[in-house]
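Participant: If you scroll down you'll find the structure; I have some questions about it.
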Amino acid sequence: MSLQVSNSSKFQVSEFILMGFPGIHSWQHWLSLPLALLYLSAIGANTLILITICQDSALQQPMYHFLGILSVVDMGLATTIMPKILAIFWFDAKVISLPECFAQIYAIHCFVGMESGIFLCMAFDRYVAICHPLRYPSIVTNALILKATLFMVFRNGLVVIPVPVLAAQRNYCSRNEIEHCLCSYLGVTRLACDDRRPNSICQLVLAWLGMGSDLSLIILSYTLILRSVLKLNSAEAASKALSTCTSHLILILFFYTVVVVISVTHLAETKATLITVLLNVLHNIIPPSLNPMVYALRTKELRAGFQKVFCLSLEKKVRHQRPSS
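With the first letter of the sequence shown counted as 1, position 185 gets the number 185 in the UniProt record's numbering; the numbers rise by one all the way through.
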């Protein structure tokens with residue numbers, strides 16, 4: 001165990017050791033293949049969505065701009081954790097320094113908060129499109145998209161700063177083995193020798209102020225959407241209006257359900273188990289790989305955009321292979 005003497009004449013841990021999944025250390029490396037495939041699919045699918053939105057003029061709409069921003073956030077979230085997890089499984093690179101660990105805590109909280117914020121922006125976009133269609137072009141403008149995105153970046157970038165800062169203030173004087181694949185806030189602060197309750201309270205308060213307010217506004221948006229749709233005389237029009245929201249609702253349901261489960265685990269301060277650790281890891285990798293697939297399967301315009309991109313790439317490939325006369 002790597003320890004150093006602190007100013008207070010107490011031993012202070014200088015690095016943490018990420019042990020991986022609790023209870024299955026001897027064969028956990030077999031999980032690297034599905035996790036690596038999920039990571040590659042997340043990066044590949046989100047990159048394809050970005051390329052498609054940039055190249056297809058039919059997709060130059062606010063809804064797809066928000067989807068592109070979500071793709072960037074998803075790739076950031078997945079890249080925050082997956083390279084280190086795969087390094088643990090493939091190269092036994094379990095050691096992580098304290099600054100790296102606290103930086104990972106910050107990045108995870110920041111990207112998760114931004115994903116929640118983008119979901120809110122997308123819910124507002126659907127609310128205006130369905131409830132105020134005539135005013136939609138004048139309300140949801142490129143300027144509004146830019147302002148909303150910058151607000152979400154600065155809000156989550158600043159709000160989560162106290163989480164890693166307070167975690168770094170704890171005294172880690174004995175154990176340094178984290179029963180996790182990543183620097184989870186609960187896994188790290190559980191190793192502290194002093195009282196960590198202020199940290200847990202701070203984290204939960206910030207989480208519910210941020211994501212809790214996002215979720216409340218999302219629920220309000222869809223309540224107003226549902227009320228507006230129910231007033232439509234045409235069943236076909238109502239079905240068409242709701243179909244544009246289905247993909248969004250599927251992703252929101254998965255995202256916030258897991259957030260609530262993880263929050264309850266933090267409140268109970270239960271010992272890390274295989275299920276809770278696996279759920280925490282999957283919450284950071286499943287949405288980035290799931291979001292593009294859900295939108296691709298349920299959005300006709302996006303599927304058409306994919307076909308255009310593939311056709312253009314095939315045409316270029318044929319053109320390059322054709323011998324010059």
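C-beta: ideal position from N, C-alpha, C; glycine also. The structure displayed is predicted, hence computed values, not measured ones.
1. Can you tell me which of I285, V165 and D214 puts its alpha carbon nearest to the alpha carbon of S200?
2. To the nearest angstrom, report how far apart E301 and A58 are at their CA atoms.
3. Rounded to whole angstroms, how far is the Cβ of M19 from the Cβ of E177, which I believe are closer than 8 Å?
4. Pairing CB atoms from the stretch 288-308 with CB atoms from the stretch 36-45, are three or more of them under 8 Å?
5. Taking the alpha-carbon positions, what's the C110 to N156 distance?
6. Please classify D194: is it buried, with 16 or more other beta-carbons within 10 angstroms of its beta-carbon, or exposed?
7. For the stretch 29-99, which segments carrying the beta strand (DSSP E) assignment without a break, of at least 3 residues, lie completely within its bounds, in sequence order?
8. Less than 9 Å between the C-beta atoms of I105 and V153, yes or no?
9. Since M211 and V259 are thought to touch, with beta carbons under 8 Å apart, how far apart are those beta carbons, to the nearest angstrom?
10. What separation, rounded to the nearest whole angstrom, lies between the Cα atoms of A143 and F91?
11. Would you check if the distance between the CB atom of C183 and the CB atom of F102 is smaller than 9 Å?
12. Quick one: grab the DSSP three-state call for V229.
13. Per DSSP, what kind of secondary structure is V261 in: helix, strand or coil?
14. Tell me I178's beta-bridge partners as DSSP assigns them.
15. According to DSSP, is V153 part of a helix, a strand, or is it coil?
16. Is the stretch 70-88 close to the stretch 42-50, with three or more CB pairs under 8 Å?
17. Using DSSP with H/G/I as helix, E/B as strand and the rest coil, what is V13?
18. Taking the C-alpha atoms as reference points, what is the distance between A238 and P83?
19. Does the beta-carbon of residue 380 have 16 or more other beta-carbons within 10 angstroms, so that it is buried, or is it exposed?
20. I'd like the list of long-range same chain contacts for I53, defined as Cβ closer than 6 Å, with 5 residues on each side in sequence excluded.
21. Considering C202, what are the terminal residues of the alpha helix (DSSP H) in which it resides?
22. In angstroms with no decimal places, state the Cα-to-Cα distance between residue 410 and C181.
23. Between the Cα of E100 and those of S14, A129 and Q55, spot the shortest distance and give me the residue it belongs to.
24. Would H132 be called buried (16 or more neighbouring beta carbons within 10 Å of its own) or exposed?
25. Which same chain residues, not among the five before or five after V309, have their C-beta less than 8 Å away from its C-beta?
26. On the three-state DSSP scale, how would you describe R170?
27. Return the CA-CA distance between V205 and L191, expressed in angstroms with no decimal places.
28. Output the boundary residues of the alpha helix (DSSP H) element that contains H25.
29. Give the range of the alpha helix (DSSP H) segment to which M293 is assigned.
Facilitator: Considering the structure as presented:
1. Indexing the sequence shown from 1 puts residue 200 at position 200. For the residues I285, V165 and D214, the minimum Cα distance to S200 belongs to V165.
2. In the sequence shown, the residue the question calls residue 301 occupies position 301. In the sequence shown, the residue the question calls residue 58 occupies position 58. Distance between the alpha carbons of E301 and A58: 8 Å.
3. One-based indexing of the sequence shown puts residue 19 at position 19. One-based indexing of the sequence shown puts residue 177 at position 177. Contact flag correct, Cβ pair sits at about 5 Å.
4. yes
5. If you number the sequence shown from 1, residue 110 lands on position 110. If you number the sequence shown from 1, residue 156 lands on position 156. Their backbone Cα atoms lie some 5 Å apart in a straight line.
6. Counting from one through the sequence shown, the residue named residue 194 turns up at place 194. Exposed: under 16 other Cβ atoms inside 10 Å.
7. 95-97
8. Numbered from 1 along the sequence shown, position 105 holds the residue referred to as residue 105. Numbered from 1 along the sequence shown, position 153 holds the residue referred to as residue 153. Not closer than 9 Å, so no.
9. Indexing the sequence shown from 1 puts residue 211 at position 211. Indexing the sequence shown from 1 puts residue 259 at position 259. M211 to V259, Cβ: 6 Å. Contact.
10. Position 143 of the sequence shown, counted from the start, is the residue given in the question as residue 143. Position 91 of the sequence shown, counted from the start, is the residue given in the question as residue 91. Cα to Cα, A143 sits roughly 46 Å from F91.
11. Counted from its first residue, the sequence shown places residue 183 at position 183. Counted from its first residue, the sequence shown places residue 102 at position 102. In contact: C183 and F102 (Cβ atoms closer than 9 Å).
12. Position 229 of the sequence shown, counted from the start, is the residue given in the question as residue 229. It is helical.
13. Position 261 of the sequence shown, counting from 1, holds the residue named residue 261. DSSP places V261 within a helical segment (H, G or I) once states are collapsed to three.
14. Counted from its first residue, the sequence shown places residue 178 at position 178. In DSSP, I178 forms a bridge with L18.
15. Walking along the sequence shown from the start, residue 153 turns up at place 153. Looking at V153 - three-state DSSP - the assignment turns out to be helix.
16. yes
17. Position 13 of the sequence shown, counted from the first residue, corresponds to residue 13. Three-state result, V13: strand.
18. Taking the sequence shown and counting its residues from 1, the one referred to as residue 238 is at position 238. Taking the sequence shown and counting its residues from 1, the one referred to as residue 83 is at position 83. For A238 and P83, the distance between alpha carbons rounds to 44 Å.
19. As shown, the chain starts at 1 and ends at 325. That puts residue 380 outside it, with no answer to give.
20. Mapped onto the sequence shown, residue 53 falls at position 53. Closer than 6 Å at Cβ, skipping near neighbours: L59, Y64 and G68.
21. Counting from one through the sequence shown, the residue named residue 202 turns up at place 202. C202 -> alpha helix (DSSP H) spans R197 to A207.
22. As displayed, the chain neither begins before 1 nor continues past 325, which places residue 410 out of reach and without an answer.
23. For the purposes of this step, residue 100 is taken as the residue at position 100 of the sequence shown. Ranking S14, A129 and Q55 by Cα distance to E100 puts S14 first.
24. In the sequence shown, counting from the first residue as 1, residue 132 sits at position 132. H132 should be labelled exposed.
25. Your numbering for residue 309 matches position 309 in the sequence shown. Closer than 8 Å at Cβ, skipping near neighbours: L48, I51, T52, Q55 and D56.
26. Counting from one through the sequence shown, the residue named residue 170 turns up at place 170. Three-state result, R170: coil.
27. As a first step, residue 205 must be located in the sequence shown, where it is residue number 205. As a first step, residue 191 must be located in the sequence shown, where it is residue number 191. So the two alpha carbons sit approximately 21 Å from each other.
28. In the sequence shown, the residue the question calls residue 25 occupies position 25. Taken as a continuous stretch (DSSP letters only), H25 belongs to no alpha helix (DSSP H), as it is neither H nor E.
29. On the sequence shown, residue 293 is found 293 positions in, with the first residue counted as 1. Its alpha helix (DSSP H) spans residues L274 to R298.
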